[in-house]
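Have a look at the structure below, then the notes.
Protein chains: 2
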Amino acid sequence: MSKQSLIAEITGTIARSQDATDRVDAAAAGVLGLNRTDLLCLGVLVRGGPLTAGQLATEAGLSPAAMTAGIERLEKAGYAGRTRDEADRRRVLVAATPLAEQRVTEIYAPLEKLGSARLAKYTVAELETIRDFLGQGIELQNQQAERIRGLAK
Amino acid sequence: MSKQSLIAEITGTIARSQDATDRVDAAAAGVLGLNRTDLLCLGVLVRGGPLTAGQLATEAGLSPAAMTAGIERLEKAGYAGRTRDEADRRRVLVAATPLAEQRVTEIYAPLEKLGSARLAKYTVAELETIRDFLGQGIELQNQQAERIRGLAK
DNA sequence: CCATTTGTTTCGATGATCGAAATATCTGCT
DNA sequence: AGCAGATATTTCGATCATCGAAACAAATGG
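First to last, the protein sequences are chains A and B.
So the first sequence is residues 1 to 153, counted in the working numbering.
So the second sequence is residues 154 to 306, counted in the working numbering.
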């Protein structure tokens, strides 16, 4: 197989990889009974411990108003709890509930476990190649996102 | 750097890579004045030539009703055109306009060009590693999406 | 040529989101 | 101490994307 066609194959594979990621998240959202935005917020909460409503809004790219509504939905579903920050009573701290931790783990732990196991099969040199590939991809995309924004209106 | 920490680093990098992809699409949607769903549809149209409304709906995972509304928006924005299929007049063929082709190319071509150039720097062996890594990742995610769906309710 | 199937649109309802205004609390200044 | 702004969240009203079901239009097969 020629290098050129390998490159073409990889280009297509990158797109399909993004679709696959999307399917995992869609399945997770379905099982949890959440929309994609709320799933994103819950993921942030589970990984990043308690956050204020505002921090969560920034992470998720939501307006304050949308965040309030989203927290409400997570709370009603039993996946998040709200407590006023006693140090600064304007703030509201939002945290994932044990139920959320448990269900998110049930959903994502096997994926992470198998993902790590899969990586462990590679040599260190191969892993470095993969890391660089991904890292440079991020840089490229961030730089291009910047350029695209500059095209504006 | 130990293999174990390399694996951990890559795991985190995968997540950030998805975020970066998301930022590119968000920037593109912003510049085109489209929401994410309509951008997805336009991408399908630009890559996949004219499609019927129904095929487009299936590709995008939308209900027929939502698709009609989406096509309307793309049409109003000047990015898509509708024509009745003369062979089967129930069908409506939707195609990207030249304006859409031009603007989508302006947005994504540099990314693709630089992406390919970047890949060209790797050896064939390295590219095979990358291809396998991505391909196995897709398989893993599809399989896990299936499992997760099975967890239902 | 009518009954059924297929493809799209219309309709009414719902849900997620936004910007702006309202509310609550904190901080700094005098 | 107390007031003026700044900051964090919520409420409000409006808009937009989406859905399911019904309507409509056109094809297909007895």
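Idealized CB from N, CA, C, for every residue including glycine.
Within chain A, partners of residue i - CB distance below 8 Å
i: A298(B); result: A20, R23, V24, A26 and A27
i: V197(B); result: In chain order: nothing, as chain A lies at least about 11 Å away.
i: G223(B); result: Those within 8 Å of G223(B) in chain A number zero; the least Cβ separation is about 17 Å.
i: K156(B); result: A120, V124 and L127
i: L264(B); result: L140, Q141 and Q144
Residue i: contacting residues in chain A (beta-carbon distance under 7 Å)
i: G268(B); result: T11 and L140
i: Q289(B); result: R118
i: S170(B); result: L134, G137 and I138
Expected contact under 8 Å - CB spacing of residue i and residue j to nearest Å
i: L39(A); j: A28(A); result: 6 Å
i: D129(A); j: E279(B); result: Per the sequence shown, residue 129(A) should be read as Thr rather than Asp. Right, their Cβ atoms sit about 5 Å apart.
i: L45(A); j: V94(A); result: 6 Å
i: Y79(A); j: L99(A); result: 6 Å
i: A20(A); j: Q255(B); result: About 30 Å separates the two Cβ atoms, so there is no contact after all.
i: L42(A); j: A96(A); result: 6 Å
i: T190(B); j: V245(B); result: 18 Å between Cβ atoms; not a contact.
i: G268(B); j: T11(A); result: 7 Å
i: L159(B); j: V124(A); result: 7 Å
i: V177(B); j: Q144(A); result: 6 Å
i: L119(A); j: E259(B); result: No, L119(A) and E259(B) are not in contact; Cβ-Cβ is about 37 Å, not under 8 Å.
i: T166(B); j: R149(A); result: Actually they do not touch by this definition, with Cβ atoms about 23 Å apart.
i: E75(A); j: G81(A); result: 7 Å
i: G54(A); j: P64(A); result: 7 Å
Endpoints, beta strand (DSSP E) assigned at residue i
i: L93(A); result: V92 to A96
Residue(s) in a DSSP beta bridge with residue i
i: G234(B); result: A248(B)
Segment limits, alpha helix (DSSP H) that includes residue i
i: R169(B); result: K156 to L185
Chain-ordered neighbours of residue i on chain A, where CB pairs are closer than 9 Å
i: L215(B); result: Under the 9 Å cutoff, chain A gives no residues; its nearest Cβ is about 13 Å from L215(B).
i: G201(B); result: Correct list: empty, because the minimum Cβ distance to chain A is about 12 Å.
i: P251(B); result: Those do not exist, as P251(B) stays about 18 Å from chain A at its closest Cβ, beyond 9 Å.
i: L192(B); result: Under the 9 Å cutoff, chain A gives no residues; its nearest Cβ is about 12 Å from L192(B).
i: L204(B); result: The contacting residues do not exist; L204(B) stays about 17 Å from chain A at best.
i: L227(B); result: Those do not exist, as L227(B) stays about 18 Å from chain A at its closest Cβ, beyond 9 Å.
Interface residues of chain B facing residue i [CB-CB closer than 8 Å]
i: T129(A); result: Y275, E279, T282 and I283
i: E106(A); result: L304
Contact set between residue i and chain B, taken where Cβ atoms lie within less than 7 Å
i: V92(A); result: Here the premise fails: no neighbours, minimum Cβ distance about 25 Å.
Beta-carbon neighbours of residue i, restricted to chain B and to distances below 9 Å
i: G30(A); result: I301, R302 and A305
i: L56(A); result: Under the 9 Å cutoff, chain B gives no residues; its nearest Cβ is about 16 Å from L56(A).
i: L34(A); result: Simply none; closest approach about 13 Å.
Residue i Cβ short of 8 Å to the ligand SAH heavy atom set
i: L99(A); result: Only the bare structure without any ligand can be found here, which leaves the ligand SAH out of the picture.
Residue ranges of each beta strand (DSSP E) within the region 251-292 of chain B, 3 or longer: none
Within the region 35-67 of chain A, ranges of the alpha helix (DSSP H) (whole runs, at least 4 residues): 36-48 and 53-60
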